[in-house]
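This report refers to the structure that appears directly beneath it.
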Amino acid sequence: MFLHSVLVSLYSIILDIQVFLGTRQGNQRIVSEVEYIKSEISAAKDYELKVAIHSLIEKISIEAEDFGQIKVSESTANVYYRDQKINQAQIGINVPKSKNISDVKLQLIKTFQIQRKYEIDISGCVILPNGHLLIANNTHEKQLVLYSDTGEHIRDIPVCARPFDITVIDSNRIIVTYTDTKFIEIIDSNSFNVEKRIKLKNSCFGISIEDGRLYLTRGNAIHILDLSGTQLDTLKVKSDSALYITTSRDRIFYTDCTNNSVHCCSLLGEDVWQFTNELLACPYDVAVDMYNNVYVVGYNSNNLTIIQQDGKDSRTLLTDSNGLDSPSAVYYSKEKRTLLICNENGKVALYKTRYKVV
C-alpha cells in the first residue's frame, strides 16, 4: 500500500512537470510569433500614388463635353455544336409531332404584289428575324427586294449578280446564292453590306444552313461547307437535278423538278424517303416546320403541298383558287409560325399556321 501511494504521488508530480514544460514551450512560441508580427508591422510601408495630368489632356477635358459614347449591341453568338454521335449513328431525335397533317390550318395574314418597272422573276425568299420579308428577284436588275410584313416596300438592295436563293444564318447575317457565279456571299442583314465572299468550284442553286454547316445543291450532289468556305463533304444523291434544299435537325429535304419528286435523306446522304404525286408537278422551293412536316410549291401544278414528316401522306393546302400562279418560293419561320409564299410574277402571301398538337 505504501509503495502504491508513492507511485501515485510520483505520477502526479510527473504530470505536473509535463504540463509546466508544455505551457512554457507554448508561451515561448507565442512570444516568438508576436515578436515576428511586431517586426513585420514595423517594417511595413505606406505608398501614395500621385498622377500628374499632362496640360494638353487637362485642356481637352475642360473643352470636351464627353469623350465618346458606349453602345451595347446584341447578336446571336456564333457558336455551333454538333454531337459527332449524331453524324455517325444518325439516331432519330424525338420531337413533338402533329397528330396529322390534316390538323394543319393556314390563316391568311397579308397578300400584296411586288411592283417593278422591269421584269420580275422571284426565285427565293426569307422572313428575317426582325419580321421583314427579303425576296430574291432573279433578273438582270441584280437586286434583292425588302418589304415589311404589312406589304410596304422598304428598299431595293443591289447585289453583284442575279440572286437565286437566300438563307438566314442568324439575327445579323444572311447568305445569298447567285445564278451562274462560282461564289456565294455572306451579307449583313441590317446594312446589307457584303461581309464575306465564299468561292466555289461550281455555281449552285438552293442553300440551307444547319448547325453552322452550309448545304448547297447542284446536279446530283449536295455540297457541305463551313462558314469559312472549307469544303467538308459532298453527298451524292439519287437525283441528277437537285434544285432547292432545306434542312432540319438530322434531315435534308430537296426537290427535283425534272422528275417531279421530293426527297428526304440523312445528313450522310442516305435516302429516308422519296415522294411523288400526280397532283404535284415540278416541285420548286421547299420548307419545313418544327414538326418536320414539309411544305413544297408546285410550279406547274400551281399549288402548295404539305408532306407528312415520314413521307407517307400529303395534302394540298393551297391552289390557283388561292392565287397561286407559278409559285416559285416558299419559306417557313419556325419562330413566328408564319409561311411566306411567292409567285414567280411577284405576288406575295403571308399565312399563319395553326396546329392541333398531341
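Taking mature numbering (1 follows the signal peptide of the UniProt record, and there is no 0), I'd label the letters of the sequence shown as residues -22 to -1, 1 to 336.
Positions of the beta carbon are idealized from the N, C-alpha and C atoms, including for glycine.
**Message:** According to DSSP, is S299 part of a helix, a strand, or is it coil?
**Reply:** Reading the sequence shown from its first residue, position 321 is the one you call residue 299. The answer is helix: DSSP assigns S299 an H, G or I state.
Alpha carbon to alpha carbon, how far is Y222 from R140? Give it in angstroms, no decimals.
-> Within the sequence shown, numbered from 1, the residue matching residue 140 stands at position 162. Within the sequence shown, numbered from 1, the residue matching residue 222 stands at position 244. Pairing R140 with Y222, the inter-Cα distance amounts to about 16 Å.
Handout entry: Closest Cα partner of I185 within the set L258, T157, Q93
Key = Within the sequence shown, the letter at position 207 stands for residue 185. That would be T157, whose Cα lies nearest to the Cα of I185.
query: According to the neighbour-count rule (16 or more other Cβ atoms, all chains shown, within 10 Å of its Cβ), is D267 buried or exposed?
result: Here residue 267 corresponds to residue number 289 of the sequence shown, with the count starting at 1. Classification for D267: buried.
Alpha-carbon to alpha-carbon, D298 and S244: The count along the sequence shown starts at 1 and reaches residue 244 at position 266. The count along the sequence shown starts at 1 and reaches residue 298 at position 320. Going from the Cα of S244 to the Cα of D298 covers about 33 Å.
Using 8 Å for Cβ pairs, my map puts D218 next to N198. What's the rounded Cβ distance? Within the sequence shown, numbered from 1, the residue matching residue 218 stands at position 240. Within the sequence shown, numbered from 1, the residue matching residue 198 stands at position 220. Taking C-beta atoms under 8 Å as the contact rule, D218 and N198 qualify, at a distance of about 5 Å.
Jot down the residue ranges of each uninterrupted alpha helix (DSSP H) in the region 73 to 128, minimum 4 residues, whole runs only, in chain order. Runs of the alpha helix (DSSP H) lying entirely within the region 73 to 128 and spanning at least 4 residues: none are present.
Own chain partners of N65 with C-beta closer than 8 Å, once the 5 adjacent residues on each side are dropped: Here residue 65 is taken as the residue at index 87 of the sequence shown, counted from 1. Only weak support is given to the placement of N65: the predicted model assigns it a pLDDT of 45, under 50, and the value that follows is read from those uncertain coordinates. L245, L246.
Is T316 helix, strand or coil when you go by DSSP? Translated into positions along the sequence shown, residue 316 becomes position 338. For T316, the secondary structure class from DSSP, reduced to helix, strand or coil, is strand.
Cα-Cα separation, V57 to V240: Position 79 of the sequence shown, counted from the start, is the residue given in the question as residue 57. Position 262 of the sequence shown, counted from the start, is the residue given in the question as residue 240. In this predicted model, V57 has a pLDDT of only 44, less than 50, meaning its place in the structure is not dependable enough to derive any value.
- Message: Does the contact criterion of 3 or more C-beta pairs under 8 Å hold for the region 173 to 185 versus the region 151 to 165?
- Response: The region 173 to 185 and the region 151 to 165 touch, with no fewer than 3 CB-CB distances between them shorter than 8 Å.
| field | Meets three-Cβ-pair contact criterion under 8 Å: the region 202 to 211 and the region 249 to 267 | value | No, because fewer than three Cβ pairs between the region 202 to 211 and the region 249 to 267 fall closer than 8 Å, the two stretches do not touch.
Same chain, Cβ closer than 8 Å to R151, five either side skipped, listed in chain order:
Within the sequence shown, numbered from 1, the residue matching residue 151 stands at position 173. Cβ neighbours of R151 beyond the five flanking positions: I164, I165, D166, S167, E173.
Burial state of N108, where buried means 16 or more other Cβ atoms lie within 10 Å = Working through the sequence shown from its first residue, we reach residue 108 at position 130. Exposed, because fewer than 16 other Cβ atoms sit within 10 Å of the Cβ of N108.
Next on the checklist: Short of 7 Å in beta carbon distance, which residues of its chain neighbour D134, apart from the five on each side in sequence? Order them along the chain.
Outcome noted: As a working note, residue 134 is residue 156 in the sequence shown. The beta carbon of D134 is closer than 7 Å to those of Q121, V123 in its chain, skipping five residues each way along the sequence.
Original post:
S226 to K88, Cα distance in whole Å?
Top reply: As a position in the sequence shown, residue 226 is number 248, starting the count at 1. As a position in the sequence shown, residue 88 is number 110, starting the count at 1. Each residue's Cα considered, the two are about 27 Å apart.
In the DSSP assignment, the beta strand (DSSP E) including T331 goes from what residue to what residue? Position 353 of the sequence shown, counting from 1, holds the residue named residue 331. 325 to 332 is the span of the beta strand (DSSP E), which, as asked, contains T331.
Exposure of R229, with buried meaning 16 or more beta-carbon neighbours within 10 Å
For the purposes of this step, residue 229 is identified with residue 251 of the sequence shown, where counting begins at 1. Counting the other Cβ atoms within 10 Å of the Cβ of R229 gives 16 or more, which makes it buried.
I147 by DSSP, collapsed to three states: which one?
As a first step, residue 147 must be located in the sequence shown, where it is residue number 169. Three-state DSSP puts I147 in coil, outside helix and strand.
**Asked** On the three-state DSSP scale, how would you describe I15?
**Response** Counted from its first residue, the sequence shown places residue 15 at position 37. The answer is helix: DSSP assigns I15 an H, G or I state.
Cα-Cα separation between I176 and G190, rounded to whole angstroms
Translated into positions along the sequence shown, residue 176 becomes position 198. Translated into positions along the sequence shown, residue 190 becomes position 212. Going from the Cα of I176 to the Cα of G190 covers about 14 Å.
Practice item. Whole angstroms is fine: what's the gap from I187's alpha carbon to F142's? Key: Position 209 of the sequence shown, counted from the first residue, corresponds to residue 187. Position 164 of the sequence shown, counted from the first residue, corresponds to residue 142. Rounded to whole angstroms, I187 to F142 spans 16 Å at the Cα level.
inquiry  = Below 8 Å on the Cβ atoms is my contact criterion, and I expect T331 with V274 to pass it. Report the Cβ-Cβ distance as a whole number of Å.
reply    = For the purposes of this step, residue 331 is taken as the residue at position 353 of the sequence shown. For the purposes of this step, residue 274 is taken as the residue at position 296 of the sequence shown. Not a contact, Cβ separation roughly 15 Å.
Cβ-based neighbour list, D291, same chain, cut-off 7 Å, excluding 5 preceding and 5 following
Walking along the sequence shown from the start, residue 291 turns up at place 313. So the qualifying residues of the chain are I79.
Requested in this report: Report the rounded CA-to-CA distance for R293 versus A259, giving the unit in angstroms.
Outcome: Residue numbering aside, residue 293 sits at position 315 when the sequence shown is read from its first letter. Residue numbering aside, residue 259 sits at position 281 when the sequence shown is read from its first letter. For R293 and A259, the distance between alpha carbons rounds to 14 Å.
Start and end residues, beta strand (DSSP E) containing H241: Taking the sequence shown and counting its residues from 1, the one referred to as residue 241 is at position 263. Taken as a continuous stretch (DSSP letters only), the beta strand (DSSP E) holding H241 covers 239 to 244.
Applying the criterion that 16 or more other CB atoms from any shown protein chain within 10 Å of the CB defines a buried residue, is N321 buried or exposed? Start at 1 with the first residue of the sequence shown, and residue 321 comes out as number 343. Burial is judged here by how many other beta carbons sit within 10 angstroms of a residue's own beta carbon; N321 has at least 16 and is buried.
- prompt: Do you know how far the Cα of F231 is from the Cα of I200?
  reply: In the sequence shown, the residue the question calls residue 200 occupies position 222. In the sequence shown, the residue the question calls residue 231 occupies position 253. Whole-angstrom Cα-Cα distance: 11 Å.
*asked:* Here's the rule: buried if 16 or more other CB atoms are within 10 angstroms of the residue's CB, otherwise exposed. What is Q91?
replied: Translated into positions along the sequence shown, residue 91 becomes position 113. Exposed, since its Cβ has fewer than 16 Cβ neighbours within 10 Å.
Cβ-Cβ distance between K214 and D249 below 8 Å | Residue numbering aside, residue 214 sits at position 236 when the sequence shown is read from its first letter. Residue numbering aside, residue 249 sits at position 271 when the sequence shown is read from its first letter. It is not a contact, given that the beta carbons lie outside the stated cut-off.
request  = Apply the 10 Å Cβ neighbour rule to D61 and answer buried if 16 or more other Cβ atoms are within range, or exposed otherwise.
outcome  = Within the sequence shown, numbered from 1, the residue matching residue 61 stands at position 83. Unreliable placement is indicated for D61, whose pLDDT of 44 sits below 50; no coordinate value is reported for it.
Checklist entry - In chain order, what residues of the same chain lie with their CB nearer than 7 Å to the CB of D99, ignoring the 5 residues before and after it? => result Position 121 of the sequence shown holds residue 99. Non-local C-beta neighbours of D99 in its own chain, meaning closer than 7 Å and more than five positions away in sequence, comprise N115, N116, T117, E322, ordered along the chain.
* Are V146 and L106 closer than 8 Å when you measure CB to CB? -> Counting from 1 along the sequence shown, the entry for residue 146 is found at position 168. Counting from 1 along the sequence shown, the entry for residue 106 is found at position 128. Here V146 is near L106, since their CB atoms are less than 8 Å apart.
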